[in-house]
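S.K.: Here it is: the structure, laid out below.
Protein chains: 2
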Amino acid sequence: MTRWQPDARGRLEQAAMELYLERGFGQTTVAQIDERAGVTERTFFRYFADKREMLFGGSGQLQQLMVDAVAAAPTTATPLEAVGTALEAVGDVFVDLDHSRTRQIVIDSDASLQERELIKRERLATALTTALRARGIDEPAASLTARAGIGVFHVAFVTWIAAGNTRSYAEIARELLDELRAITRPH
Amino acid sequence: MTRWQPDARGRLEQAAMELYLERGFGQTTVAQIDERAGVTERTFFRYFADKREMLFGGSGQLQQLMVDAVAAAPTTATPLEAVGTALEAVGDVFVDLDHSRTRQIVIDSDASLQERELIKRERLATALTTALRARGIDEPAASLTARAGIGVFHVAFVTWIAAGNTRSYAEIARELLDELRAITRPH
């Protein structure tokens, strides 16, 4: 039986993560990543624009996934339910808990990566707002719903990657959306 | 009657805003700000660490104001009502609509200032979460409430500075908090 071999792209990503954890993100060079991955010099740049891009390459796809889910939600869905379908879609791609935990350790270790993460989340909020407006939701409801939804998206992620958690992202997000409804219910 | 004269600090802030609008934030030097304000060279640095600091100097106070309001909310207040008292407190300081509009034009014109704004908002969310936890609110309710509240804080600000608006920040924030309750109500 042949042991499964990750392709060059996968090997580069794995090598980069190992090095970031060992030496720090800022202290790791692209040459070191190529070497650790066992690929020829500058192969890195065949797949990624730079080190940051490697960590955030999936952001655009994630955003598109959420926007498409909002657009495809049943016409009878409330704005918050439409955001709920976007969170379900995220649950389909947030499945590799180990990878997400490692990636977050790297991001938390570097201020420029944390800034990039905030920019990514802000773009997501804007994209969701636009997607809700396209469903005929007026302002300020569209912005408020998108931002409350991004709050759930973020808290669900933190809960999902927390030490000891074994529940799925989708399950956590569903529960937090209900919790948000409970929080905002007048007493 | 003597005409009111802003102090050196006030003159520097006004001079800086004028120059940012005329030449751009990145193209304006501290020496130019000193000159326009009619103060001696390097007076700027008696009041501000750098150009960014001048624009974000009030962030720490705003955060403390909101945290104090959450802490001082009646014990009977729900988590969202406690956040509501923080938004009321913001309404007491967000009163100079012209200044806030100009400041936002400057921030929107420069990517590094936009990043700083996102960091400020993220810190605010974390501080509000901590303040809610101190009231005995468990996770994930504390984080979810803080982030939904920061969503209202932000959308209220955008609505407040929008062209043509004349309503107060506090009035808008109150209305948006009710709107959030309506959005999250199950149908």
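Chains as they are written, first to last, in the numbering used here: chain Z, 367 to 553; chain U, 367 to 553.
Cβ coordinates follow ideal geometry from the N, Cα and C atoms, glycine included.
Please determine, among U:Ala403, U:Leu387, U:Ala397 and U:Gln398, the residue with the shortest C-alpha to C-alpha distance to U:Arg377.
M.R.: Counted from its first residue, the second sequence places residue 377 of chain U at position 11. Looking at the Cα atoms, U:Ala403 is the closest of the given residues.
S.K.: Whole-angstrom Cβ separation of U:Thr550 and U:Val449, contact assumed at under 8 Å?
M.R.: Translated into the one-based positions of the second sequence, residue 550 of chain U becomes position 184. Translated into the one-based positions of the second sequence, residue 449 of chain U becomes position 83. Between U:Val449 and U:Thr550 the Cβ distance is about 14 Å, and since that is not below 8 Å, they are no contact.
S.K.: Are the C-beta atoms of U:Asp494 and some chain Z residue less than 8 Å apart?
M.R.: Counting from 1 along the second sequence, the entry for residue 494 of chain U is found at position 128. Note that residue 494 of chain U is Leu in the sequence shown here, rather than Asp. Not one chain Z Cβ lies under 8 Å of U:Leu494.
S.K.: In whole angstroms, what separates the C-alpha of Z:Pro440 from that of U:Ala514?
M.R.: Against the first sequence, residue 440 of chain Z aligns to sequence position 74. Against the second sequence, residue 514 of chain U aligns to sequence position 148. Their backbone Cα atoms lie some 24 Å apart in a straight line.
S.K.: With 8 Å as the threshold, decide whether the Cβ of Z:Ala436 is near any Cβ in chain U.
M.R.: Taking the first residue of the first sequence as position 1, residue 436 of chain Z is located at position 70. For the record, residue 436 of chain Z in the displayed sequence is Val; it is not Ala. No, its Cβ sits nowhere closer than 8 Å to a Cβ of chain U.
S.K.: In the DSSP assignment, the alpha helix (DSSP H) including U:Gly376 goes from what residue to what residue?
M.R.: Reading the second sequence from its first residue, position 10 is the one you call residue 376 of chain U. Counting along the chain, the alpha helix (DSSP H) containing U:Gly376 begins and ends at Ala374 to Arg389.
S.K.: What is the DSSP secondary structure of Z:Val405, reduced to helix, strand or coil?
M.R.: Within the first sequence, the letter at position 39 stands for residue 405 of chain Z. DSSP places Z:Val405 in coil when its eight states are reduced to three.
S.K.: In whole angstroms, what separates the C-alpha of U:Met367 from that of Z:Leu498?
M.R.: Taking the first residue of the second sequence as 1, we reach residue 367 of chain U at position 1. Taking the first residue of the first sequence as 1, we reach residue 498 of chain Z at position 132. Here U:Met367 scores only 48 on pLDDT, less than 50, and its place in the model should not be relied on; the value that follows carries that caveat. The straight-line gap from Cα to Cα measures roughly 56 Å.
S.K.: In its own chain, which residues sit with a C-beta less than 7 Å from the C-beta of U:Arg487, not counting the 5 before and 5 after it?
M.R.: Walking along the second sequence from the start, residue 487 of chain U turns up at place 121. For U:Arg487, where only same-chain residues beyond five positions count, the Cβ hits under 7 Å are Ile516 and His520.
S.K.: Counting only C-beta atoms, is U:Ile485 closer than 8 Å to chain Z at any point?
M.R.: To locate residue 485 of chain U, count along the second sequence from 1; it is residue 119. U:Ile485 counts as touching chain Z.
S.K.: DSSP state of U:Val436, grouped into three classes?
M.R.: Numbered from 1 along the second sequence, position 70 holds the residue referred to as residue 436 of chain U. Helix, per DSSP.
S.K.: Under 8 Å between the Cβ atoms of Z:Ala536 and Z:Gly457?
M.R.: For this step, residue 536 of chain Z is matched to residue 170 along the first sequence. For this step, residue 457 of chain Z is matched to residue 91 along the first sequence. Cβ distance < 8 Å, so Z:Ala536 and Z:Gly457 count as in contact.
S.K.: Pick from Z:Gln470, Z:Met432, Z:Gly390 and Z:Lys417: whose alpha carbon is nearest that of Z:Thr495?
M.R.: In the first sequence, residue 495 of chain Z corresponds to position 129, counting from 1. Comparing Cα positions, the closest option is Z:Met432.
S.K.: Is there a C-beta anywhere in chain Z that falls below 8 Å from the one on U:Ala507?
M.R.: Translated into the one-based positions of the second sequence, residue 507 of chain U becomes position 141. With respect to chain Z, the C-beta atom of U:Ala507 has a partner C-beta closer than 8 Å.
S.K.: Give the residues of chain U in contact with Z:Val456, contact being defined as C-beta atoms less than 9 Å apart.
M.R.: Against the first sequence, residue 456 of chain Z aligns to sequence position 90. Chain order gives no chain U residues near Z:Val456, where near means a beta carbon separation below 9 Å; the closest approach is about 16 Å.
S.K.: Pop quiz: U:Ile485 and Z:Leu484 are said to be a contact at Cβ under 8 Å. What is the actual Cβ separation, rounded to whole angstroms?
M.R.: The residue given as residue 485 of chain U occupies position 119 in the second sequence. The residue given as residue 484 of chain Z occupies position 118 in the first sequence. Indeed, because the Cβ distance is near 6 Å, the residues count as touching under 8 Å.
S.K.: Please list, in chain order, the residues of the region 439 to 452 of chain U that have any C-beta partner in chain Z closer than 8 Å.
M.R.: Thr444, Pro445 and Leu446
S.K.: Are there three or more Cβ pairs, one per stretch, closer than 8 Å when the region 459 to 476 of chain Z is compared with the region 408 to 415 of chain Z?
M.R.: Proximity of the region 459 to 476 of chain Z to the region 408 to 415 of chain Z falls short of the contact definition, fewer than three beta-carbon pairs being nearer than 8 Å.
S.K.: Please classify U:Asp373: is it buried, with 16 or more other beta-carbons within 10 angstroms of its beta-carbon, or exposed?
M.R.: Along the second sequence, one-based indexing puts residue 373 of chain U at 7. Answer is exposed; the Cβ neighbour count stays below 16.
S.K.: In or out: Z:Ala491 buried (at least 16 other Cβ within 10 Å) or exposed?
M.R.: Reading the first sequence from its first residue, position 125 is the one you call residue 491 of chain Z. Flag for Z:Ala491 reads buried.
S.K.: Could you pull out every unbroken alpha helix (DSSP H) segment of at least 4 residues lying fully inside the region 442 to 481 of chain U, listed in chain order?
M.R.: 445 to 459 and 463 to 474
S.K.: Grouping DSSP H, G and I as helix and E and B as strand, with all else coil, what is Z:Ala528?
M.R.: As a working mapping, residue 528 of chain Z is identified with position 162 in the first sequence. DSSP places Z:Ala528 in coil when its eight states are reduced to three.
S.K.: Could you tell me whether the Cβ of Z:Leu428 comes closer than 8 Å to any Cβ of chain U?
M.R.: Translated into the one-based positions of the first sequence, residue 428 of chain Z becomes position 62. No, because no Cβ of chain U sits closer than 8 Å to the Cβ of Z:Leu428.
S.K.: Anything in chain U within Cβ reach of Z:Glu419, meaning under 9 Å, just list it in chain order.
M.R.: Here the question's residue 419 of chain Z lines up with position 53 in the first sequence. None at all; the shortest Cβ gap to chain U is about 17 Å.
S.K.: Between U:Leu498 and chain Z, is the shortest Cβ-Cβ distance under 8 Å, so that the two count as touching?
M.R.: Locating residue 498 of chain U in the second sequence gives position 132, counting from the first residue. So, not an interface residue.
S.K.: Using a cut-off of 8 Å between C-beta atoms, extract the partners of U:Leu385 located in chain Z.
M.R.: Taking the first residue of the second sequence as position 1, residue 385 of chain U is located at position 19. Result: empty, since nearest Cβ-Cβ is about 26 Å, beyond 8 Å.
S.K.: Return helix, strand or coil for U:Arg499, following the three-state DSSP convention.
M.R.: On the second sequence, position 133 is the one that residue 499 of chain U refers to. The answer is helix: DSSP assigns U:Arg499 an H, G or I state.
S.K.: Do we get a CB-CB distance below 8 Å when we pair Z:Gly517 with the residues of chain U?
M.R.: In the first sequence, counting from the first residue as 1, residue 517 of chain Z sits at position 151. Output row for Z:Gly517: interface = yes.
S.K.: Quick one: list the residues of chain Z neighbouring U:Glu537, beta-carbon separation under 9 Å, in chain order.
M.R.: By 1-based counting over the second sequence, the position of residue 537 of chain U is 171. Per Cβ cutoff of 9 Å: no residues; U:Glu537 is ~13 Å from chain Z at best.
S.K.: Taking 8 Å as the CB-CB cut-off, is Z:Leu343 touching chain U?
M.R.: No answer is possible for residue 343 of chain Z: the residues shown for chain Z start at 367 and end at 553.
S.K.: Measuring only the C-alpha atoms, how far is U:Arg375 from U:Ala529?
M.R.: Reading the second sequence from its first residue, position 9 is the one you call residue 375 of chain U. Reading the second sequence from its first residue, position 163 is the one you call residue 529 of chain U. For U:Arg375 and U:Ala529, the distance between alpha carbons rounds to 28 Å.
S.K.: Residues of chain U with a CB under 9 Å from the CB of Z:Ile549: which are they?
M.R.: Along the first sequence, read from residue 1 onward, the residue named residue 549 of chain Z stands at position 183. Residues of chain U passing the Cβ test: Thr444, Pro445, Leu446, Ala507, Leu510, Thr511, Ala514 and Thr550.
S.K.: So which residues on chain Z does U:Thr525 lean against when the C-beta distance must stay under 7 Å?
M.R.: Position 159 of the second sequence, counted from the start, is the residue given in the question as residue 525 of chain U. The contacting residues are Pro506.
S.K.: Run through DSSP, which three-state label would Z:Ser534 get?
M.R.: Taking the first residue of the first sequence as position 1, residue 534 of chain Z is located at position 168. DSSP places Z:Ser534 in coil when its eight states are reduced to three.
S.K.: Whose C-beta lies closer than 8 Å to the C-beta of U:Ala455 among residues of the same chain, with five residues either side of it excluded?
M.R.: For this step, residue 455 of chain U is matched to residue 89 along the second sequence. Within the same chain, U:Ala455 has close Cβ partners Leu431, Met432, Asp434 and Ala435.
S.K.: If you reduce the DSSP assignment to three classes, tell me which class Z:Thr492 lands in.
M.R.: As a working note, residue 492 of chain Z is residue 126 in the first sequence. Reduced to three states, the DSSP call for Z:Thr492 is helix.
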